[in-house]
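Single-structure report; data block below.
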């Protein structure tokens, strides 16, 4: 019966909807294979560890003892440091992400058009991407302890350099009679300008790519219709980069959450590799990821109405 | 006649005024822009220039207060020593092979997957996309033990075992990198998929539909219509993935033991410097004895030389790709 059924079906051309579905699967096929063959197992094992008490046996193996949500409860209620680190991370996030996004968009707008020396300036803004990744990041955090890397020393002195400057400004603003809280909002990012720049490298280039892919014909049309710069920015430039604005928001949130120096992640790995408590460590990671997921969902929810797609 | 010339005169006058106004605002805007860009550039360049200048300094310059950036006693000694003891050339070749291949694989796979998520409706799409976001979030450390074990006894559903009798050990080969990259699970590939999906969704659909109507198949539309418009995005992703692959200490440390890529070579070099002389072979040991390793400043000079060696190829790579960022979209005027 099956043969006839199959033949019968093949005679009829696939509907448009079905063809679209097949095409969709065809395009994401490599990723699906990776998900099933490479990534799924480690991910599931991590969940299993979080739900069990993991005991390492001398020979290099381990035994699992089902513990339910014991690890999660322990991390949140009995652990002395974990909740504190968690709160710190969240505060850090609320403070850092808006600054990074605004700053990187601003710089991308400055770099958007060609000007004399723009190639050189672009190259300079590429450096933070190198310096804030992998080996270089590790060097700033790990080797920083024996303070022998001049890279690290120079970076902190660059940070001091800029900190000095806003001391004057702070005084000036205080004399103008502004409240201290308000001043700290202004001077805070200036004091940390080096950190802000070095964690905005990727975002700047993502924005830049978005800005550069906007078709010039849109601006031409607007100019013919008599639009000015301000209007063109809000009606063309900004809507056209909103899809990548979401990417940048998500990336910045993830980056501040999972960067090498993050206290929660460090603490979780310490649980695993010095305390040998793999179950607890994985539970801590998953709680953290859940919070991260909620943050991203909130941001995506807020953004979804405002993003401009062609679909 | 008289009235007409008066009108014409006034018109040209006001045009001239407007032009003056425009150039004035342009100059002012350019000035503000220059102040910002020069300021930020200084902050970025300061540590980098310090690092580079210290890679070429001799010991005595560090203690000379009159030397700030330009070495008085210029030397290539630090560099040649770092070059030799890192085993630079073989590490460089390994890094180049792994990073170039993974970058290409990642770019292609992430592009396809991103396009799939951007343009087609299929069952489970939202769930799968949530999983893509999850892969951005999960730090590699969380799954590293499993990944290590997985590639140590690599097997796809028991097929390999059925053919050769036992699973293959893929560690110490480049296959783990290539497999992860080809399936879109390499370093930060979730982010690349996300970038591609967002930018494809932000592109006008009309040209695509026109191509479809004209009889181009799905893949042909993708290659000929979508890709040219996405050239800046592609360049960005290629750049990121090259840099991240180059600097990656995590996967390279996990999958390779005997074979060394640049980050491991640097770590080895660094361990020599912090007094781990037990592992040092004869020639390097004699070279090492020429430097006073009790002095942290000397160690810093050598380390900077090592960093310089790792960073230079990245800058060269940027120089090759940079025209995509400086040049605008004119070259790919297909969009819109």
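Protein chains in written order, with this note's numbering: chain Y, 7 to 317; chain X, -2 to 333. Ideal placement from N, C-alpha and C gives every residue a C-beta, glycine not left out.
Residue contact with chain Y for residue 92 of chain X: absent (no Cβ-Cβ distance below 8 Å to any residue of chain Y).
Within chain X, the residues whose beta carbon sits less than 7 Å from that of residue 260 of chain Y are 133, 134, listed in sequence order. Under the three-state reduction of DSSP output, residue 87 of chain Y falls in the coil class, being neither helix nor strand.
Boundaries cannot be given for residue 45 of chain Y, as no alpha helix (DSSP H) includes it and DSSP labels it neither H nor E. At a cut-off of 8 Å between beta-carbon atoms, residue 150 of chain X makes no contact with chain Y.
If you check the CB distance, residue 175 of chain X and residue 102 of chain X come in under 8 Å. Where residue 68 of chain Y is concerned, the enclosing beta strand (DSSP E) starts and stops at 68 to 72.
Considering only beta carbons, the part of the region 17 to 42 of chain Y lying closer than 7 Å to chain X consists of 26, 27, 29, 30, 31, 33, 34, 36, 37, 39, 40, 41, in chain order.
Interface residue (Cβ-Cβ distance to chain Y less than 8 Å): residue 224 of chain X is not classified as such.
Out of Y:72, Y:257, Y:136, Y:145, the CA that lies nearest to the CA of residue 298 of chain Y is found in Y:257. Judged by beta-carbon spacing, residue 137 of chain Y lies beyond the 8 Å limit of residue 127 of chain Y, meaning their Cβ atoms are not closer than that value.
For the pair residue 148 of chain X and residue 205 of chain X, the Cα-to-Cα distance works out to about 41 Å. Contact of residue 202 of chain X with chain Y is assigned, a C-beta pair being separated by under 8 Å. The CB of residue 257 of chain X never comes closer than 8 Å to any CB in chain Y; the least such distance is about 13 Å. The alpha-carbon of residue 284 of chain Y is positioned some 10 Å away from that of residue 291 of chain Y. At a C-beta separation below 8 Å, residue 275 of chain Y has these neighbours in chain X: 138.
Its chain contains no residue whose beta carbon lies nearer than 8 Å to that of residue 32 of chain Y once the 5 sequence neighbours on both sides are disregarded.
Against chain X, the CB of residue 100 of chain Y has no partner CB under 8 Å away; the residue lies outside that interface.
If only uninterrupted alpha helix (DSSP H) runs of at least 4 residues are considered, those enclosed by the region 92 to 154 of chain X are 122 to 134, 137 to 149. A straight line joining the alpha-carbon of residue 25 of chain X with that of residue 15 of chain X spans about 15 Å. Excluding the 5 residues flanking it on each side, residue 185 of chain X has same chain C-beta neighbours closer than 8 Å at 133, 237, 238, 241, in chain order. Annotation: the continuous alpha helix (DSSP H) that includes residue 22 of chain X extends over -1 to 52. Taken through DSSP and simplified to helix, strand or coil, residue 205 of chain X comes out as helix.
Rounded to the nearest whole angstrom, the C-alpha separation of residue 258 of chain X and residue 168 of chain X is 14 Å. Per DSSP, reduced to three states, the secondary structure at residue 235 of chain X is helical. Cα atoms of residue 179 of chain X and residue 106 of chain X: separation of roughly 6 Å, rounded to the nearest angstrom. Within the same chain, no Cβ atom closer than 6 Å to the Cβ of residue 76 of chain Y is found once the five residues on either side in sequence are excluded. DSSP places residue 71 of chain X in the strand class (E or B) of the three-state scheme. Under the 8 Å criterion on CB atoms, residue 282 of chain Y is classed as non-interfacial with respect to chain X.
Classified as buried, residue 79 of chain X has 16 or more neighbouring CB atoms from the shown chains inside 10 Å of its CB.
Considering only X:161, X:111, X:213, X:226, the residue with the shortest C-alpha distance to residue 220 of chain Y is X:226.
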